[in-house]
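This report refers to the structure that appears directly beneath it.
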Amino acid sequence: MPSSRPTKTYLAFDFGAESGRAVLAHLHAGTIRTEEVHRFPNAPVSYGGSLHWDVARLWWAVGKALAKLDKTKLEGIGVDAWGVDYALLGDRGELLQNPYHYRDTRTNGQERFQ
């Protein structure tokens with residue numbers, strides 16, 4: 030007998046070291062089915078002698094993925110990225126500069142916590 034429970038759909042963004050992707054997860058009757066809906070490059074940009082995340086390009090890629098899903102009811106959205114980088118925001122929530130990329134050489138030789 031088919032389940033009367035509705036399918037719930039979630040969107041996950043994965044910002045990998047060299048590429049990113051948007052993946053839909055359809056949850057129905059305890060089963061998850063995934064579907065990649067968008068893939069995009071995620072290369073750092075170099076300026077001022079440092080490597081930075083290309084936040085503008087990533088934001089554009091997120092918008093492009095969401096545009097493909099404009100008729101899809103999403104229960105939630107999650108983001109997976111490297112947890113070692115951070116962005117500085119201004120008083121109005123604006124990005125002050127592209128965050129440094131974790132592969133930037135500024136931390137070479139620094140003590141790492143064990």
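Each residue of the sequence shown is one higher than the one before, starting from 30 at the first, in our numbering.
Beta carbons are placed, not taken as given, at the ideal position from N, Cα and C, and that holds for glycine.
Alpha carbon of residue i to alpha carbon of residue j, nearest angstrom
i, j, result
"Y39", "G107", "8 angstroms"
"Y115", "S33", "43 angstroms"
"L117", "R50", "24 angstroms"
"A41", "E64", "10 angstroms"
"A46", "A94", "19 angstroms"
beta-carbon residue i near the ligand FMN non-hydrogen atom, thresh 8 angstroms
i, result
"D99", "Summarising the ligand content, the structure contains no ligands, and the ligand FMN is consequently not present."
Other residues of its chain near residue i: CB distance less than 6 angstroms, five sequence neighbours each side excluded
i, result
"R132", "L80"
Within-9 angstroms CB hit, residue i to chain D
i, result
"G105", "The displayed structure is made up of one protein chain only, and chain D is not part of it."
Exposed unless 16 or more other CB atoms sit within 10 angstroms - verdict on residue i
i, result
"V113", "exposed"
Cut-off 7 angstroms between Cβ atoms - residues of its own chain near residue i, not counting five sequence neighbours on either side
i, result
"E104", "K37, T38 and Y39"
Using a Cβ distance threshold of 8 angstroms, determine whether the region 49 to 60 contacts the region 72 to 79, with at least three qualifying pairs required. no
Should the region 124 to 143 be regarded as contacting the region 58 to 71, the criterion being three or more beta carbon pairs within less than 8 angstroms? no
At 3 residues or longer, what runs of the beta strand (DSSP E) sit wholly inside the region 92 to 137? 105 to 109
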